[in-house]
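Going down the list, the sequences are from chains A and B. Under UniProt numbering, the letters of the first sequence match residues 1 to 186, in that order. Under UniProt numbering, the letters of the second sequence match residues 1 to 186, in that order. Virtual Cβ for every residue (Gly too), placed ideally from N, Cα, C.
Number of protein chains: 2
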Amino acid sequence: MGDTPGSTGIGGEPTLEEQIAAYQREFQDLDPQVEKIVSALSRLNRRMNVAYGRQTAALGISNADWEVLKALVLSGAPYRMGPSELAKRLGLTPAAMTHRIDRMVAEDLVTRKRDETNRVRVIVELTTEGREKWLEAMRLATVFEEDLLQDLSADDRTALGDVLTRLLRRVEHAQPDAGGRLTDLD
Amino acid sequence: MGDTPGSTGIGGEPTLEEQIAAYQREFQDLDPQVEKIVSALSRLNRRMNVAYGRQTAALGISNADWEVLKALVLSGAPYRMGPSELAKRLGLTPAAMTHRIDRMVAEDLVTRKRDETNRVRVIVELTTEGREKWLEAMRLATVFEEDLLQDLSADDRTALGDVLTRLLRRVEHAQPDAGGRLTDLD
DNA sequence: AAGATAAATTTCGAAGCTAAACAGTACACT
DNA sequence: AGTGTACTGTTTAGCTTCGAAATTTATCTT
Numbered sequence: 001m002g003d004t005p006g007s008t009g010i011g012g013e014p015t016l017e018e019q020i021a022a023y024q025r026e027f028q029d030l031d032p033q034v035e036k037i038v039s040a041l042s043r044l045n046r047r048m049n050v051a052y053g054r055q056t057a058a059l060g061i062s063n064a065d066w067e068v069l070k071a072l073v074l075s076g077a078p079y080r081m082g083p084s085e086l087a088k089r090l091g092l093t094p095a096a097m098t099h100r101i102d103r104m105v106a107e108d109l110v111t112r113k114r115d116e117t118n119r120v121r122v123i124v125e126l127t128t129e130g131r132e133k134w135l136e137a138m139r140l141a142t143v144f145e146e147d148l149l150q151d152l153s154a155d156d157r158t159a160l161g162d163v164l165t166r167l168l169r170r171v172e173h174a175q176p177d178a179g180g181r182l183t184d185l186d
Numbered sequence: 001m002g003d004t005p006g007s008t009g010i011g012g013e014p015t016l017e018e019q020i021a022a023y024q025r026e027f028q029d030l031d032p033q034v035e036k037i038v039s040a041l042s043r044l045n046r047r048m049n050v051a052y053g054r055q056t057a058a059l060g061i062s063n064a065d066w067e068v069l070k071a072l073v074l075s076g077a078p079y080r081m082g083p084s085e086l087a088k089r090l091g092l093t094p095a096a097m098t099h100r101i102d103r104m105v106a107e108d109l110v111t112r113k114r115d116e117t118n119r120v121r122v123i124v125e126l127t128t129e130g131r132e133k134w135l136e137a138m139r140l141a142t143v144f145e146e147d148l149l150q151d152l153s154a155d156d157r158t159a160l161g162d163v164l165t166r167l168l169r170r171v172e173h174a175q176p177d178a179g180g181r182l183t184d185l186d
């Protein structure tokens, strides 16, 4: 089960090899090869999330903020979305999204205004400051990512990208989309 | 920056290719190859976390519970640890760990007793029910993991495992251990 | 016009965390 | 022995964020 759910492993964390050995002791039918991949994936992602978290924190925004900024930028051009759309996208309730937008408006990352063409709706729009924060975060991230992959040749990279997308397709197919909010950082 | 921090992307999530294209539009100097790897890693991990979360939920335990169970099992043999040790390992304060242990004692996943050889300390010990829950979770996880990797040959698997551990070594070296609790699931 | 439907917000409460103060114990040093 | 110091774990108080349910406002249907 790799690292399976929970754990941050910051203190006296065992090495990957130690951990796999321990799992094998405690759980007989464990494929070490599979476990190695899964555990490495988990650990890698945790370290990446920590790094990203530091970067956004350095920019003075929370991970929650980041999620919203990203969704808005990905929506393209005028960078506008409705709260319920955002809520669905991020996997939380409209109520929670209202609260989150409140905070982000206060931080001047987004604006909120009624949609005059359909006054039931609300338009959340990225501010220039919000967009700037996103850009800064991207700049920091690319540095980190290039650093992370520095040992891999171009061929290694394409190979890795292909394998990962293959796995991704598999898991997305198995688990179409059914939402579940699990405190992800992705 | 891949998905960088936050996001769950459950609703009308763009495909990986769409997302990379969008990022390139919004952020000129982006290496698509790097982005593909990083985004795939992020998405893959999110899906895995969702899957693991469902499994533990099906067993009636929370992700918080899971973290503690895992640490205790990894500690080996008598499955005992002190609260502060656990707190360090999981990256939270001793106070938070006290609360968490309270809950887990109520759920009969662990026991708490004073260490009579050194009455300052407290011993948190896995119950048989706690161990059983861990085993069940492992069983569920191995099924999922084998399913995830079904398209990969044995050679693919060793290659992937090697590349991932290489990346992991890189990031662990760069970011030795400095703790940061970022709501990870690993 | 009257409901039905939908979007967003408000209110209330729960979960989980941290910081700070506190209590109990062990150990070192005189 | 006695005292100071350090450390462990718990308690308390407060904060942040989220969810559920009720509420408001606007639109659509018939």
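In whole angstroms, give me the CA-to-CA distance for V38 (chain B) and G12 (chain A).
Numbered from its first residue, the second sequence carries residue 38 (chain B) at position 38. Numbered from its first residue, the first sequence carries residue 12 (chain A) at position 12. Going by the C-alpha atoms only, they are around 27 Å apart.
If you measure between the beta carbons of T111 (chain B) and E125 (chain B), is that distance less than 8 Å?
Counting from one through the second sequence, the residue named residue 111 (chain B) turns up at place 111. Counting from one through the second sequence, the residue named residue 125 (chain B) turns up at place 125. Yes.
At 4 residues or longer, what runs of the alpha helix (DSSP H) sit wholly inside the UniProt domain "HTH marR-type" (34 to 169) of chain B?
You should have 63 to 74, 83 to 90, 94 to 106 and 128 to 148.
Could you tell me if E146 (chain A) is buried or exposed, where buried requires 16 or more neighbouring beta carbons within 10 angstroms of its beta carbon?
By 1-based counting over the first sequence, the position of residue 146 (chain A) is 146. That one is exposed.
Could you confirm whether any beta carbon from chain B is found closer than 8 Å to the beta carbon of E129 (chain A)?
Translated into the one-based positions of the first sequence, residue 129 (chain A) becomes position 129. Against chain B, the CB of E129 (chain A) has no partner CB under 8 Å away; the residue lies outside that interface.
Using a Cβ cut-off of 8 Å (strictly closer), state whether E146 (chain B) contacts chain A.
Residue mapping note: residue 146 (chain B) aligns to position 146 of the second sequence, counting from 1. Yes, its Cβ sits closer than 8 Å to a Cβ of chain A.
Take M81 (chain B) and list the residues in its own chain whose beta-carbon comes closer than 7 Å to its own, dropping the five residues that flank it on each side.
Translated into positions along the second sequence, residue 81 (chain B) becomes position 81. Counting only residues of its own chain and dropping the five nearest sequence neighbours on each side, M81 (chain B) has a CB closer than 7 Å to the CB of A71, L72, S75 and V124.
Check this for me: beta carbons of A64 (chain B) and R89 (chain B), under 8 Å apart or not?
Here residue 64 (chain B) corresponds to residue number 64 of the second sequence, with the count starting at 1. Here residue 89 (chain B) corresponds to residue number 89 of the second sequence, with the count starting at 1. No.
Below-8 Å beta-carbon distance, P78 (chain A) vs any chain B residue
As a working note, residue 78 (chain A) is residue 78 in the first sequence. Look at P78 (chain A): its C-beta is not under 8 Å from any C-beta on chain B.
Is G161 (chain B) near A58 (chain A), with beta carbons less than 8 Å apart?
For this step, residue 161 (chain B) is matched to residue 161 along the second sequence. For this step, residue 58 (chain A) is matched to residue 58 along the first sequence. No, the Cβ-Cβ distance between G161 (chain B) and A58 (chain A) is not below 8 Å.
Would you report the Cα separation of T98 (chain A) and P83 (chain A), rounded to the nearest angstrom?
On the first sequence, residue 98 (chain A) is found 98 positions in, with the first residue counted as 1. On the first sequence, residue 83 (chain A) is found 83 positions in, with the first residue counted as 1. Here the alpha carbons of P83 (chain A) and T98 (chain A) stand approximately 7 Å from one another.
Which listed residue (A:L148, A:L167, A:E172 and A:Q55) has its alpha carbon closest to that of W134 (chain A)
What you label residue 134 (chain A) is simply residue 134 of the first sequence in a count that begins at 1. Cα-wise, what sits closest to W134 (chain A) is A:Q55.
Beta-carbon neighbours of R157 (chain A), restricted to chain B and to distances below 8 Å:
For the purposes of this step, residue 157 (chain A) is taken as residue 157 along the first sequence, with counting starting at 1. Listed along chain B are Q33, V34 and I37, each with a C-beta nearer than 8 Å to that of R157 (chain A).
If I follow the unbroken alpha helix (DSSP H) through L16 (chain B), where does it start and stop?
On the second sequence, position 16 is the one that residue 16 (chain B) refers to. That run of the alpha helix (DSSP H) goes L16 to E26.
Output needed for L109 (chain B): all residues of its chain with C-beta closer than 8 Å, excluding positions within five of it in sequence on either side, in chain order.
Indexing the second sequence from 1 puts residue 109 (chain B) at position 109. Hits under 8 Å: I61, D65, V68, L69, L126, T127, E129, G130 and K133.
Output yes or no for whether 8 Å exceeds the beta carbon distance between Q33 (chain B) and R157 (chain A).
Start at 1 with the first residue of the second sequence, and residue 33 (chain B) comes out as number 33. Start at 1 with the first residue of the first sequence, and residue 157 (chain A) comes out as number 157. Remark: C-beta atoms of Q33 (chain B) and R157 (chain A) approach each other more closely than 8 Å.
Leaving out five residues before and five after K113 (chain B) in sequence, what residues of the same chain have Cβ atoms less than 8 Å from its Cβ?
Residue 113 (chain B) sits at position 113 when you count from the first residue of the second sequence. Answer for K113 (chain B): V122, I123 and E125, listed in chain order.
Chain B partners of D151 (chain A), CB-CB under 8 Å?
Here the question's residue 151 (chain A) lines up with position 151 in the first sequence. Correct list: R166, L167 and R170.
Partners in chain B for T175 (chain A), counting only beta-carbon separations shorter than 8 Å:
Here the question's residue 175 (chain A) lines up with position 175 in the first sequence. Strictly speaking, residue 175 (chain A) in this sequence is Gln, with Thr absent from that position. Ordered by position in chain B, the residues that pass the 8 Å Cβ test against Q175 (chain A) are R47, V50 and A51.
Buried versus exposed call for S153 (chain B) [16 or more other C-beta atoms within 10 Å across all chains shown]:
On the second sequence, residue 153 (chain B) is found 153 positions in, with the first residue counted as 1. Taking all protein chains in view, the Cβ of S153 (chain B) is surrounded by fewer than 16 other Cβ atoms within 10 Å, so the residue is classified as exposed.
Nearest-angstrom Cα separation, counted from A159 (chain A) out to V171 (chain A):
Residue numbering aside, residue 171 (chain A) sits at position 171 when the first sequence is read from its first letter. Residue numbering aside, residue 159 (chain A) sits at position 159 when the first sequence is read from its first letter. Across the structure, V171 (chain A) and A159 (chain A) are spaced so that their CA atoms are roughly 19 Å apart.
Classify E172 (chain B) as helix, strand or coil using the three-state DSSP reduction.
To locate residue 172 (chain B), count along the second sequence from 1; it is residue 172. The answer is helix: DSSP assigns E172 (chain B) an H, G or I state.
Anyone know if the C-beta pair for L30 (chain B) and L16 (chain A) falls short of 8 Å?
In the second sequence, the residue the question calls residue 30 (chain B) occupies position 30. In the first sequence, the residue the question calls residue 16 (chain A) occupies position 16. It is not a contact, given that the beta carbons lie outside the stated cut-off.
Length of the line joining the Cα atoms of D102 (chain B) and A87 (chain B)
Numbered from 1 along the second sequence, position 102 holds the residue referred to as residue 102 (chain B). Numbered from 1 along the second sequence, position 87 holds the residue referred to as residue 87 (chain B). One C-alpha to the other measures close to 14 Å.
Where R47 (chain A) and R119 (chain A) are concerned, what is the direct C-alpha to C-alpha distance, given to the nearest angstrom?
Your numbering for residue 47 (chain A) matches position 47 in the first sequence. Your numbering for residue 119 (chain A) matches position 119 in the first sequence. Distance between the alpha carbons of R47 (chain A) and R119 (chain A): 44 Å.
E35 (chain B) burial status per 10 Å Cβ neighbour count (16 or more: buried)
As a working note, residue 35 (chain B) is residue 35 in the second sequence. Flag for E35 (chain B) reads buried.
If we ignore side chains and look at the alpha-carbon of each, how far apart do G91 (chain A) and Y52 (chain B) end up?
Walking along the first sequence from the start, residue 91 (chain A) turns up at place 91. Walking along the second sequence from the start, residue 52 (chain B) turns up at place 52. Roughly 17 Å between the two C-alpha positions.
Distance, Cα to Cα, residue 206 (chain B) vs E26 (chain B)?
In the structure as shown, chain B begins at 1 and stops at 186. Residue 206 (chain B) is therefore absent and cannot be evaluated.
Excluding sequence positions up to five away, which residues of its chain have a Cβ less than 8 Å from the Cβ of T93 (chain B)?
The count along the second sequence starts at 1 and reaches residue 93 (chain B) at position 93. Counting only Cβ-Cβ distances below 8 Å, and skipping sequence neighbours, we find A87.
Spatially closest choice to A77 (chain B) from A:V105, A:T117 and A:A22, by CA coordinates
Looking up residue 77 (chain B) in the second sequence gives position 77. Closest in alpha carbon position to A77 (chain B), among A:V105, A:T117 and A:A22, is A:A22.
Less than 8 Å separating the beta-carbons of L44 (chain B) and L164 (chain A)?
One-based indexing of the second sequence puts residue 44 (chain B) at position 44. One-based indexing of the first sequence puts residue 164 (chain A) at position 164. Result yes, Cβ atoms of L44 (chain B) and L164 (chain A) sit closer than 8 Å.
Measure from the C-beta of V163 (chain A) to each C-beta in chain B and report whether the shortest distance is under 8 Å.
Start at 1 with the first residue of the first sequence, and residue 163 (chain A) comes out as number 163. Judged by the 8 Å Cβ criterion, V163 (chain A) is in contact with chain B.
Quick check: what's the CA-CA separation for A96 (chain A) versus D155 (chain A)?
Within the first sequence, numbered from 1, the residue matching residue 96 (chain A) stands at position 96. Within the first sequence, numbered from 1, the residue matching residue 155 (chain A) stands at position 155. Cα to Cα, the separation comes out at about 44 Å.
Between the CA atoms of T117 (chain B) and A141 (chain A) - distance to the nearest angstrom:
Reading the first sequence from its first residue, position 141 is the one you call residue 141 (chain A). Reading the second sequence from its first residue, position 117 is the one you call residue 117 (chain B). Near 50 Å, if we compare the C-alpha coordinates of T117 (chain B) and A141 (chain A).
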